[in-house]
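Presented below is the structure to which this report refers.
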Amino acid sequence: MRDLLTIENLRTHFFAPEGTIKAVDGVSLRVREGETVCIVGESGCGKSITALSVMGLAAGSSGKVVGGRIEFDGRNLLELDKNELRTLRGHEIAMIFQEPMSSLNPVLPVGEQIMEPLIEHLKLGKKAARARAIELIAQVGIARPEQIANAYPHELSGGMLQRIMIAAAISCSPKLLIADEPTTALDVTIQAQILDMLRRFKAESNMSILLITHDLGVVAEMADYVVVMYAGKVVEEGEVTELFSHPKHPYTKGLLRSKPILNHRQDELYAIPGQVPNPLELTVSCYFHDRCGQCMDVCRSREPRLREAGERHRVACWLYEEAVAYV
Amino acid sequence: MSEPLLDIRRLKKYFPIKSGLLNRTVGQVKAVDDISITIRPGETFGLVGESGSGKSTVGRTAIRLTDKTEGEVAFKGVDLYALPPQELRKLRPKLQLIFQDPYSSLNPRVRVGDAIGEALLEHGLASKDEVRDRVLDVLSLCGLSSYHIDRFPHEFSGGQRQRIGIARALVLNPELIVADEPVSALDVSIQAQIINLFRRLQETNGLTYLFISHDLSVVEHLCSRVGVMYLGSMAETASRDDLFREPLHPYTKALLSAVPIPIPKLKRERIVLKGDIPNPANPPSGCKFHTRCPFAVARCAEERPEFRHVGGERYVACHLV
Amino acid sequence: MSAISGGLPAADTPIARKESVRTSLWALALRRLLQNKLAMAGGIVVALMFAICFIGPLFSPYTDNKIHMALMNKPPNWKHWLGTDALGRDVLTRVMQAGRISLTVGLASMVLSVFLGSLLGAIAGYYRGIADQIIMRIGDLLLTVPSLPLLFILGALLSEWKVPPEDRMYIVMLLLSFVNWPGIARMVRGEVLSLREREFMQAATVLGLSARRKLFRHLLPNLVPLLIVIASLNIGGAVLSESVLSFFGLGVMPPTPTWGNMIDAANNLIDFQQRPWLWIPPGFCIFATVIAVNLFGDGLRDVLDPKQKR
Amino acid sequence: MSAFLTKRLLYTVVILLAASLLIFSLYAWTPGDFISGNIKLTPERKAELREIYGLNKPVLERYATWMKHAFHGDLGYSLAQQKPVLTLFNEYIWNSFLLAAVSTFFTWLIAVVIGVVAAYKQYSWFDTLVMVVIFGAMSLPSFFIGLFLIKILAVDWKLLPPGGMLTTGSNATGIAYFREVVRHMTLPVVVMTLLGIGSLTRYIRGNLIDVLKQDYIRTARAKGLKERKVLFKHALRNALLPAITLVGFELPSLFGGSLIIEKIFNWPGIGQLYMQSFGLRDYPLLMGFTVLIAILTVIGTLLSDILYRVADPRVRLQ
């Protein structure tokens, strides 16, 4: 399988009056063709900013991609000019977001919002675009597509709106779909429908998916490959079965153990102590050291590198550093 | 079986939909539509459901934070809705609520110490000299440090704020705590901390919980009995083990099968429900679930199923069971 | 969000230690205000304006208000930096004396209208029901009647009551407050309505706190930021309104000088064309004061009321 | 929608009735009247005239009479000008409208353009400059800036006429007439635009800044739309939507003239007429004017509500 997206040493920083927030600090990952990669982590770990950086949407008044490479289908996205990147967005790389309610323009009918990328990228005429938009609405499993196309976002439920978002995203048959917590705001029964649909589209079109989520259950259902982030860095990555059955990083282990699992009841949950460090107060160290049960001296003063720890399995932790180095 | 701590009987809470020239009521959202729950001392009753199920409204009506439309709520045999306001206020410390959003439920301009201690003073449960010590005790019980007492809410993370919310309720020595999605706004690692805290506090302080959540895994972990709500009605109640091992109501089955489980390549039977949750202002006829139920028969659309006792601690509202 | 230490001790409280150095929202807001250059510039200009008007005349040798025929209508010179008027009085001194009145009227009518508006608005929002209906309907009524004609009528009405000229400034204050309160009441009511529904107010109910405590400890302190913003932005409006009224001879009347009635000199064709020193300086003072107050008020809004950024 | 309209209309009528009664009583209580101000009249003649004009009757009775006439489209008879009030309004109101319409047009045009650019380039030097100018414009005392500009541009530099609508004694026609009016209205229009521009620019800038932070703007960008389209189709539409309500609020100033500006620039508009009549205590005219503004105000408010409902799909259906 060919690499579709390769991110190398990406660094996206935000400049606040109180200091620099290294939201994404040296993240590398790759997404292969037809593969679903999940970035998992807690809020503030930089998973969404990583995705937005790929889209070229992370930079704003205070944020900036300060280094690294993002190679998509043979092109370095960070070197493209604004217009070239724009023509990729919505066309070859599409994205859906967490809050379908606020992600659609409240004053435009949803059909028109699906038509936009068709007109922009595929140069369809208005009529053709509308016909295609109605097909797409039907494809994402909404009944009465002609009527729904004329509806405004506030008239539809969250689940329907996320379907509309997906319809707009897949309208130009993108090679990569970035889904940022696409089901977090939805009910479980609706989440099941949406995840089912994403899997179906991926199977039908060989589309790659970069799925960002905090829910390990969703990861297990969707991912081929998993990247675990903590405080702006990748701490561990690997194929989903390998990572879930043999987690190496204490943080990954902790995450997996701290989530109650249906029909696997324990009396006491494992809880990672403490909380995520303040991004303004980070010093050179393993950022997880103050919450880690196996913390060593070296963890407090030096940063571990991401090293191979098995077949397609890498971990950034001093516990494995020597073992890997001397083998 | 011991005397119930909280007895909710045939509770109804309708929100009027007003419209027209004179603001006439043209319809009603039946947020809670004939719900009965009995909670015994020391147990944790889990209430699950999706958005629009009315589970939060049950929580709020159960402690008379909003008015009911019909039905009865008795706390240790006292009808809450029959109490005059002053009596109710005196009883408040015994019935506490923990909110979902740890950000908006704390007054941003009140120090943590005051937020926790003020009700103690207000109800004369502690003298001015004792308050500080009581607050310090409860802070440490909830995993916070003593120096936190002088800080303002905005200086805390979400998980810490939720601890403050718990401490604020706990300091009053309540007998019943209604927890309304207390961990939904928190990250996984923090969720586990708070869930463990709930559990520990139940053991040390003999608390009774009405635990409201949409997360079935959390409910299974924490609750001894569980009720499943759909569009304002109770679909099924059962002991935890019964419900999770052998759900009877088709909605419960679907709900359980929809929960993503963090075990890759797990083979399990899946019921993917079709369609959306109907608008609670205009619920389907008969059994409210019939529009999405994979097993629905003609009768389901016409006749509302009775909430029946089906043995042990199980009650189900379904024609097919 | 982590703790930032330092800052000012906030309001004392029974349980938390008084000598605490933790930061309240007030201290945070103050710190951010100090970083806002435009707002601080505005604040400094306002302070200077007050200082000059209230302290300045003490250092002026020309405060006697006597008529000096020999000094009539002199253009600006070294002795009289802004020249003299038709009665030979020093214009600079008069501008400063006028400033005292104009600023006092602006400040006092602001205090009065904010007091009235917030009291009535808070009652309407907190108790709702019949009180709300009555207060807001009266407010609507007053907002329907155009304010300038209303001020004119009221000004004329009160003129005929033979109010001594030196007391007219109090009447003007009352007039301006009477016209201004409905707008303020509306904003305050809206804020109280939304505060009532906030979860921490529900939490106060759950804790069984008394109505008094809920109102004074939880609701009102959260209303204060809005009031501060309204108040600061209201001063500018009041200074402007006073000047309009006085310019048209319906506000404060000579011999009591205000910036507005000093510009009245422009109604005399010769003064208007030949002696701009008589009416341009007070005009600039009004402008400078109002812009400074507005900049400062806007800065306050930014730090105190982030959701209403406009 | 129709229920909403009926309700609003009813309320509007009630408020108008109350407002007109309030205004009427205030004018009635204002001491002095047109007759007592006229020194040529003998006391007997004065009494006679008062009888004729009904000035000696109780306020409520006079109000009832006035209201009855008003319902029949008769706002009374100007005592000073000896013409029906409505005729007078018709003579003057269009001059006011001309001034107000042109300046409102420029105000909106400039405010939208500057507001959009400033919001789009938030925190740039242009934005800061705009903010300072906005505050300056909002802080101008209207009569003073009028006088100041007349002094500089008309008196000292003699670029433009100092006031009026036509040069005294002019009887220009056609193009020449048009040019003369344009020259005369330039200054008042500049001043009125300047006075209106501040708050509107600020409003539009603020709205647009809020809108640009919304999730759906990010979605539009993620769809690869051109920045121009993101700004004008997605952002501006949402930002201008609440501004639609302001259109209704412009109504009183469009037809009601501006008391201060028309007075300063000696513009023969309805505001100027009011100021003259105020000195003369010509009550029918004052009353008519004030009620006219009140009517325009409530209609404007109503219009705003309706426009907002029509424009915003979120409230359209309710």
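Chains as they are written, first to last, in the working numbering: chain A, 1 to 327; chain B, 1 to 321; chain C, 1 to 310; chain D, 1 to 318. All residues carry an ideal CB built from backbone N, CA and C; glycine is no exception.
What is the DSSP secondary structure of residue i, reduced to helix, strand or coil?
i	result
ASP7 of chain B	strand
GLN28 of chain B	strand
ASN234 of chain C	helix
VAL276 of chain A	coil
ALA80 of chain D	coil
THR84 of chain C	strand
ASN9 of chain A	strand
MET72 of chain C	coil
CYS337 of chain A	The first residue shown for chain A is 1 and the last is 327, placing residue 337 of chain A beyond what the model contains.
HIS154 of chain A	helix
MET253 of chain C	coil
VAL21 of chain C	Per-residue confidence for VAL21 of chain C stands at a pLDDT of 46, beneath the threshold of 50, marking its modelled position as unreliable; no derived number is given.
ASN76 of chain A	strand
CYS285 of chain C	helix
PRO324 of chain D	Outside the displayed range of chain D (1 to 318) lies residue 324 of chain D, so it cannot be described from this structure.
MET366 of chain A	Shown here, chain A extends from 1 to 327; a query on residue 366 of chain A therefore has no answer.
GLN308 of chain C	Below a pLDDT of 50, predicted positions are generally treated as unreliable, and GLN308 of chain C, at 46, falls in that range; the measurement from the model is reported next regardless. DSSP places GLN308 of chain C in helix when its eight states are reduced to three.
For residue i and residue j, I'd like the C-alpha separation in whole angstroms.
i	j	result
LEU172 of chain B	ARG11 of chain A	49 Å
GLU122 of chain B	ILE116 of chain B	11 Å
GLU180 of chain D	THR167 of chain D	8 Å
PRO221 of chain C	LEU176 of chain C	27 Å
ALA292 of chain C	ALA100 of chain D	29 Å
LEU47 of chain B	ARG312 of chain A	42 Å
LYS76 of chain B	LEU65 of chain B	18 Å
ASP242 of chain B	ALA179 of chain B	23 Å
Is there a C-beta anywhere in chain D that falls below 7 Å from the one on residue i?
i	result
LEU157 of chain C	yes
ASN105 of chain A	yes
How about residue i and residue j: do their beta carbons lie closer than 7 Å?
i	j	result
TYR126 of chain C	VAL192 of chain C	yes
ALA94 of chain A	ILE114 of chain A	no
THR12 of chain D	VAL298 of chain D	yes
LEU161 of chain A	LEU104 of chain A	yes
THR291 of chain B	PRO280 of chain B	no
PRO188 of chain D	PHE278 of chain D	no
ALA124 of chain C	ILE135 of chain C	yes
ILE197 of chain D	THR87 of chain D	no
LYS55 of chain B	THR61 of chain B	no
ALA192 of chain B	LEU269 of chain A	yes
SER333 of chain B	ALA203 of chain C	Residue 333 of chain B is absent from the model: chain B starts at 1 and stops at 321.
PRO273 of chain A	TYR287 of chain A	no
Using a beta-carbon distance below 7 Å, is residue i in contact with chain A?
i	result
ILE166 of chain B	no
LEU170 of chain B	no
ASP210 of chain D	no
ASP101 of chain B	no
TYR216 of chain D	yes
Give me whichever residues DSSP pairs with residue i in a beta bridge.
i	result
HIS313 of chain A	A:GLY238
LYS79 of chain C	In the DSSP output, where bridge partners are listed per residue, LYS79 of chain C has none listed.
VAL178 of chain B	B:LEU97, B:LEU210
Looking at chain B, is there any beta carbon in it that lies within less than 7 Å of the beta carbon of residue i?
i	result
LEU57 of chain A	no
GLU197 of chain C	no
PRO260 of chain A	yes
GLY46 of chain A	no
Give a yes or no on whether the minimum CB-CB distance between residue i and chain C is below 7 Å.
i	result
ASN196 of chain B	no
ARG109 of chain B	yes
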